[in-house]
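A quick write-up on the structure given underneath.
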Amino acid sequence: MKELLKDFNDAQIIVWTKDKVLFGSIKNSEMKFKFTTPQMDEILEFRIFNENKELYWWGENKFRKYEFDKEQIKSNTLMLGKVVKCENGWSKVDDGRGGKFYLPLEMQKGNEIIIEKYDIVDYHKETNQAYIKGYAIKGYKIKEIR
């Protein structure tokens, strides 16, 4: 794993486990989380990303390294929740339904978070019809609430 992480210094992480979603960052080829680092056997899938590429892992030896290209479709998704507290480089987000999570970013209280992503487009060979094969996360940005 360390070999894969070396290309992703100063990157962000989203990890899905059996009972939670965790957000973190990569510093010096090490994963950093607010409280605890999930164990590999707990992880269902994770995405490590920066503005140029994403590493997507979803099981034993199943991963895709994806570098963004200008022909992909850029899209945004509004995350559920608002920033309720910031401290020591971490922003606490409350989704309003009982879920709380920490993002490894310093954000202003009350702001909403937008996930920037690229839809990966492919084509059916027989019909040349385009379809969205998957997506890759590029980063977060802040939507200011006025």
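Using my numbering, the letters of the sequence shown correspond one by one to residues 31 to 176.
Virtual Cβ for every residue (Gly too), placed ideally from N, Cα, C.
{"Query": "In chain order, each beta strand (DSSP E) run of at least 3 residues that lies wholly inside the segment 103-152", "Result": "103-117, 120-124, 130-133"}
{"Query": "N-terminal and C-terminal residue of the beta strand (DSSP E) that E84 is part of", "Result": "83-87"}
{"Query": "Per DSSP, cross-strand counterpart(s) of L52", "Result": "V45"}
{"Query": "Buried or exposed by the 16-neighbour rule on C-beta atoms within 10 Å, applied to Q159", "Result": "exposed"}
{"Query": "Those residues which DSSP pairs with W61 across a bridge", "Result": "Looking at the sequence shown, residue 61 is not Trp but Met. BP columns for M61 point to I56."}
{"Query": "Assigned secondary structure, F79 (DSSP; H/G/I helix, E/B strand, else coil)", "Result": "strand"}
{"Query": "CB of N80 within 7 Å of CB of A41, strictly", "Result": "yes"}
{"Query": "Helix, strand or coil at F93 according to DSSP, with G and I counted as helix", "Result": "strand"}
{"Query": "Candidates C116, K50, K163, of which the one nearest R94 by Cα", "Result": "K163"}
{"Query": "Residues of its chain near K147, where Cβ-Cβ distance is below 8 Å and the 5 sequence neighbours each way are ignored", "Result": "K104, S105, N106, T107, Y165, A166, I167, K168"}
{"Query": "Close-in-space but distant-in-sequence residues of the same chain around K122 (CB under 6 Å, 5 per side omitted)", "Result": "V114, K115, Y132"}
{"Query": "Backbone CA spacing between R127 and K173 [nearest angstrom]", "Result": "20 Å"}
{"Query": "Option in G89, M61, I144 with minimal Cα separation from L110", "Result": "I144"}
{"Query": "Beta-carbon proximity check, L74 vs W46, cutoff 7 Å", "Result": "yes"}
{"Query": "Terminal residues of the beta strand (DSSP E) in which K163 lies", "Result": "160-173"}
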